[in-house]
Amino acid sequence: MSMLNATHLATVKSEVYDRRWERFFVRRPARIIAVRPCLNGLSMRSCEIVDISQGGAAFTVATTIGMPLHYYLNILGLAYRIGCAEVYRNDSRVGVKFINLIDPETLRRIVRADFMIGNTEALAATRSSRAPNPTWPSLQK
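Numbering-wise, the sequence shown is residues 1 to 141 according to our numbering.
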């Protein structure tokens, strides 16, 4: 009986409802550290974190060829190694979820360190993702 009253809107999926944590747009250099097959050492490659939250992150790499599905994310300048499981790959962009949530203080340090560097590109990306507000000062002069 309840299905008869349901509309097509009841099945609409939206990213707004799927997200659990607030995303912060940053451009932080990082390293991906993976264990080679047969525990034959470590492999490392550089990446740049595009956005991060308590539960996951997105980053860009030069190439995804040979990249495993599970690895550690090491943010340069901070002594943290975060275990990751890959969620998606789109060309050079990779999305991961963290094996364990990072605590809010660690996330604050990551975002604050990016803010202290003066990353205006990340600030512009954050502002462009929101609705325009005429009271915001313009970054471009």
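In this text, a Cβ means the ideal position worked out from N, Cα and C, and glycines have one as well.
Cα-Cα, which of the options is closest to residue i?
i: Arg20; options: Gly66, Leu42, Lys97 and Asn40; result: Lys97
i: Arg31; options: Asn40, Ala79, Asp91 and Asp103; result: Ala79
i: Gly77; options: Arg112, Gln54 and Val35; result: Arg112
i: Pro68; options: Ile75, Ile82 and Glu86; result: Glu86
i: Cys84; options: Arg108, Ile102, Asp91 and Thr63; result: Ile102
i: Ser92; options: Arg108, Gly55 and Phe59; result: Phe59
i: Pro104; options: Gln54, Ile75 and Phe24; result: Gln54
i: Ile75; options: Pro37, Leu107 and Arg23; result: Leu107
Using 8 Å for Cβ pairs, my map puts residue i next to residue j. What's the rounded Cβ distance?
i: Val94; j: Ile52; result: No, Val94 and Ile52 are not in contact; Cβ-Cβ is about 13 Å, not under 8 Å.
i: Ile110; j: Arg45; result: 20 Å between Cβ atoms; not a contact.
i: Val35; j: Cys47; result: That belief does not hold up - the Cβ atoms of Val35 and Cys47 are roughly 17 Å apart, past 8 Å.
On the DSSP letters alone, give me the boundaries of the beta strand (DSSP E) that residue i sits inside.
i: Arg89; result: Arg81 to Asn90
i: Ser43; result: Leu42 to Ile52
i: Thr60; result: Gly56 to Val61
i: Asn74; result: His70 to Ile75
i: Gly95; result: Arg93 to Phe98
i: Ile33; result: Phe24 to Val35
Does the separation of the CB atoms of residue i and residue j fall below 8 Å?
i: Ile65; j: Ala57; result: no
i: Ile33; j: Leu39; result: no
i: Tyr88; j: Arg81; result: no
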